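The structure under discussion appears below in the form of structure tokens.
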Amino acid sequence: MPMRYFFLLITFSLLHAIPQFGAEAQVTQERGTAMVDTRRSKVTEEEKNVAIERAQHAAFETYKAKQTASTQKLMSDHSTVLQNSYPQYITETVVLSDFFDKRAKTYEVTVRIGINSTALNGSLLSMSGLDAADSTSSAEIVSLIIARSRSSVQRFDDRVYKREDVNLTAKGNQKLLESTADEERIRSSEVSTSSQINQSGQYNASVSASTETGGSVTEKADKVEWVVADSTDVDQQLLSVLTSVGLNIVPSEFIDTIDLAAIRADFGDGDSLSSATQQSMAKALKDYDIPYVLIGTLDVDFPLTDPVTGNTKVYVTVNAKLLDLTHRFPRIQSAIGPIQFAGEGPTEPVARTNAIVRSAEQVGTELVSSMAVRGVQ
């Protein structure tokens, strides 16, 4: 059986045994290229399979390089296990191109693989021992991720200033020669005179011109107005990820001293909270002995039409940070984003939900990865 099909069968059977965080697994596409020496005039099937396997590994290394620092740290800590088990997370392998160089006796192949990042992240957390945490003694976290959607975007035309300087120089000289001849004749009863004037001249002129142009273009940033949307989907997906590894999630609505209206109002006007809102929030959580708060925004962009599939596509951008409230002053335990995700579906609500689910899943995974690296329990 060819190796690529062998990988697909193994992946199908093992994905059912790996914990899933969402109803739909997130699959990430990556490309990889590899080359093998054949030392013969014709490449064999075995050598092709070796090249494909190496290209898969190259694609997986590219995937690892794109992860956040905390996720890369977890992967590095468990590199030996991942080195042997990464084919389990490959959902598909597509050969994009291959070439056999008869002269150099080398075979090169480029593949595109699909990586089940949901399953991979779940395994990483399991390797870290977080899934075995005692939920009665693990850290309590309040999630304040505010979902926002753009209500309007005002774009400004560029302001253009142009300047043109022209210098004109003219030089000339004139030379004029004139000669006069008079003649007078006297005869017996008459006098006759005649005169003749000869003129000649020369005029030379030269003109030169130089032009200097310049100017500037002033661009003004778009003015964006936000509408705070329902965060139920975000909260539910975060709850699914964080509780699966034993963390206690405290719904913000149950803490009556948190001014949720002020938080939503601040994020409705900008990308950060006012000093008064932050201080009030920190005090309210400390009064309830809540050690951590996850706060940030999830911005939903305008829907687009995918030119290939024709489906509706929606992008969301996430910015969040985990604050440690166990000290006198809050400390940033982890920062997430800005990271962007796309959701696709036949309608805008479906595409938006898929994008929110994927982004919330990634935020939860990154949060847990960061806590695992820092040893937070």
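Counting in our numbering, the sequence shown runs from 8 upward without gaps.
Beta carbons are placed, not taken as given, at the ideal position from N, Cα and C, and that holds for glycine.
Just so you know, these numbers come straight off a predicted model, no measurement behind them.
Do you know offhand how far residue i's Cα is from residue j's?
i	j	result
proline 353	valine 234	24 angstroms
threonine 264	alanine 291	6 angstroms
serine 223	threonine 316	41 angstroms
valine 375	glycine 303	16 angstroms
valine 257	tyrosine 299	10 angstroms
leucine 89	arginine 61	15 angstroms
alanine 272	aspartate 105	56 angstroms
threonine 69	alanine 283	43 angstroms
leucine 131	lysine 169	58 angstroms
alanine 140	alanine 362	In this predicted model, alanine 140 has a pLDDT of only 45, less than 50, meaning its place in the structure is not dependable; the value taken from the coordinates is given anyway. Going by the C-alpha atoms only, they are around 29 angstroms apart.
serine 238	glutamate 52	52 angstroms
serine 144	valine 307	Summary for serine 144: the model assigns pLDDT 45, below 50, so the residue's position carries little reliability; its value from the coordinates is reported in the next sentence. In a straight line, the C-alpha of serine 144 is about 35 angstroms away from that of valine 307.
aspartate 240	glutamine 63	34 angstroms
serine 92	serine 77	20 angstroms
aspartate 138	arginine 335	The predicted model places aspartate 138 with a pLDDT of 49, which falls under 50 and marks its position as unreliable; any figure quoted below should be read in that light. Answer to the nearest angstrom: the Cα atoms are 30 angstroms apart.
histidine 85	glutamate 351	33 angstroms
serine 259	glutamine 36	36 angstroms
Starting from residue i, follow the alpha helix (DSSP H) in both directions and report where the run begins and ends.
i	result
tyrosine 70	52-72
serine 104	That residue, serine 104, is in no alpha helix (DSSP H); its beta strand (DSSP E) goes 97-108.
threonine 45	Per DSSP, threonine 45 belongs to no alpha helix (DSSP H) and is neither H nor E.
glycine 277	First-last for glycine 277: undefined, no H or E at that position.
aspartate 84	76-84
Compute the beta-carbon to beta-carbon distance between residue i and residue j, rounded to the nearest angstrom, for a pair I have assumed lies under 8 angstroms.
i	j	result
glycine 129	threonine 98	Actually they are not in contact, since the Cβ atoms of glycine 129 and threonine 98 sit about 15 angstroms apart, beyond 8 angstroms.
glutamate 373	threonine 87	Contact flag wrong, Cβ pair sits at about 23 angstroms.
aspartate 331	lysine 320	With a Cβ gap of about 37 angstroms, aspartate 331 and lysine 320 do not count as contacting.
alanine 82	lysine 73	Looking at the sequence itself, residue 82 is methionine, so the reference to alanine does not match. Going by Cβ atoms, the distance from methionine 82 to lysine 73 rounds to 11 angstroms, so no, they are not a contact pair.
tyrosine 322	alanine 349	5 angstroms
leucine 305	serine 366	6 angstroms
For residue i, tell me which candidate among the options has the shortest Cα-Cα distance.
i	options	result
threonine 333	Tyr295, Ala58, Pro356, Gly344	Tyr295
asparagine 318	Ile256, Glu54, Pro356	Pro356
lysine 109	Lys73, Thr75, Ser48, Val118	Ser48
methionine 378	Ile339, Ala367, Pro345	Ile339
threonine 117	Thr125, Phe67, Thr78, Asn91	Phe67
glutamate 368	Thr100, Arg119, Ile152, Ser92	Ile152
asparagine 326	Thr360, Lys320, Ser279	Ser279
arginine 359	Asp44, Leu311, Asp331	Leu311
threonine 100	Leu305, Ala146, Arg119	Arg119
isoleucine 297	Ile59, Tyr322, Ile262	Ile262
glutamine 347	Phe336, Arg335, Pro337, Val364	Val364
glutamate 147	Glu351, Lys293, Gly350	Lys293
lysine 80	Met134, Val102, Arg166, Pro345	Met134
threonine 324	Glu37, His85, Gln63, Arg155	Arg155
Got a sec? Which residues, its chain only, sit under 7 angstroms from residue i by beta carbon, not counting five neighbours each side?
i	result
arginine 46	Lys112
valine 50	Phe107, Tyr114
phenylalanine 309	Arg157
alanine 342	Lys328
alanine 65	Gly39, Thr40, Ala41
aspartate 242	Ser150
alanine 30	With a pLDDT of only 43 at alanine 30, under 50, the local geometry of the prediction cannot be trusted, and the value read off the model is given with reservation. Correct list: empty, nothing qualifies.
proline 337	Ala289, Leu330, Asp331
Name the two residues that bound the continuous beta strand (DSSP E) containing residue i.
i	result
lysine 293	No beta strand (DSSP E) contains lysine 293, which is instead part of the alpha helix (DSSP H) from 282-294.
asparagine 318	From DSSP, asparagine 318 is part of no beta strand (DSSP E); its letter is neither H nor E.
alanine 3	Here the chain covers residues 8 to 384 and nothing more, so residue 3 does not appear.
threonine 117	113-123
leucine 332	That residue, leucine 332, is in no beta strand (DSSP E); it is neither H nor E in DSSP.
aspartate 266	No beta strand (DSSP E) holds aspartate 266; DSSP gives it neither H nor E.
tyrosine 299	299-307
Please return the same chain residues whose Cβ sits closer than 6 angstroms to the Cβ of residue i, not counting the five positions on each side in sequence.
i	result
serine 281	Asp273
threonine 220	Glu171
valine 57	Val43
alanine 269	Thr284
aspartate 266	Ser287
proline 345	Thr324, Asn326
Measuring only from the beta carbon, is residue i closer than 7 angstroms to any heavy atom that is part of the ligand HEM?
i	result
tyrosine 295	Questions concerning the ligand HEM fall outside what the structure shown contains, since it holds no ligand whatsoever.
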